[in-house]
Amino acid sequence: MTENESAVMQKQRVEVEPPGMYKVVFKNDDVTPMEFVIRVLMDIFCLDFAKAHILTLMIHETGSGVAGTYTKDIAFTKVKETEDVAKNFGFPLSVIAEKE
Numbered sequence: 067m068t069e070n071e072s073a074v075m076q077k078q079r080v081e082v083e084p085p086g087m088y089k090v091v092f093k094n095d096d097v098t099p100m101e102f103v104i105r106v107l108m109d110i111f112c113l114d115f116a117k118a119h120i121l122t123l124m125i126h127e128t129g130s131g132v133a134g135t136y137t138k139d140i141a142f143t144k145v146k147e148t149e150d151v152a153k154n155f156g157f158p159l160s161v162i163a164e165k166e
């Protein structure tokens, strides 16, 4: 085995950072019905009715609420899905992804 082959065969330690996590945040508005927000939280974010209802009340009372924390791609996909559904129903529901 030559010196070059030996160098290639040595293990190299590579530091890999975990992916950044993003919070999906719902913003309150005065138009989107609470029932619609609950349904979106159940259908897209897989929350059960009780959790979706509690979170919807929190969004309504405090102005915003976190539906979940995900990797970047998943968070932005959920934001897009939510925006598309809201647009299809004519609601101005605002949802954003924020880096933790």
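67 is the number of the first residue of the sequence shown in the working numbering; add one for each residue after it. Built from N, CA and C at the ideal position, the CB exists for glycine as well. Being a predicted model, the structure only gives us computed values, none of them experimental.
Alpha carbon to alpha carbon, how far is residue j from residue i? Give it in angstroms, no decimals.
i	j	result
lysine 117	valine 82	35 Å
glutamate 101	alanine 141	22 Å
glycine 129	glutamine 78	49 Å
leucine 168	valine 132	Given that the chain is displayed from residue 67 to residue 166, the structure contains no residue 168 and the question cannot be resolved.
cysteine 112	valine 80	36 Å
glutamate 127	lysine 144	23 Å
valine 98	asparagine 154	It is threonine, not valine, that sits at residue 98 in the sequence shown. Distance between the alpha carbons of threonine 98 and asparagine 154: 12 Å.
Kindly indicate which residue of the options has the alpha-carbon position closest to the one of residue i.
i	options	result
alanine 163	Ile110, Val106, Lys89 and Thr122	Lys89
glycine 134	Val97, Phe92, Ala152 and Pro84	Phe92
tyrosine 136	Lys153, Lys165 and Val151	Lys165
aspartate 96	Asn154, Val80 and Ile125	Ile125
Tell me, please, which residues DSSP counts as bridged to residue i.
i	result
valine 161	Phe92
glycine 131	Phe92
methionine 124	For methionine 124, which the question treats as bridged, DSSP gives no partner whatsoever.
methionine 87	Thr137
Please return the same chain residues whose Cβ sits closer than 8 Å to the Cβ of residue i, not counting the five positions on each side in sequence.
i	result
glutamate 149	Leu159 and Val161
isoleucine 104	Phe115, Ala118, His119 and Thr122
glutamate 147	Ile110
Excluding the 5 residues preceding and the 5 following residue i in the sequence, name in chain order all residues of the same chain whose CB lies nearer than 7 Å to its CB.
i	result
lysine 138	Pro85, Gly86 and Tyr88
proline 94	Rather than proline, the amino acid found at residue 94 in this sequence is asparagine. These residues qualify, in order along the chain: Ile125, His126, Gly129 and Ser130.
For residue i, which residues in the same chain have their Cβ closer than 6 Å to its Cβ, ignoring the five residues on either side in sequence?
i	result
alanine 216	Outside the displayed range of the chain (67 to 166) lies residue 216, so it cannot be described from this structure.
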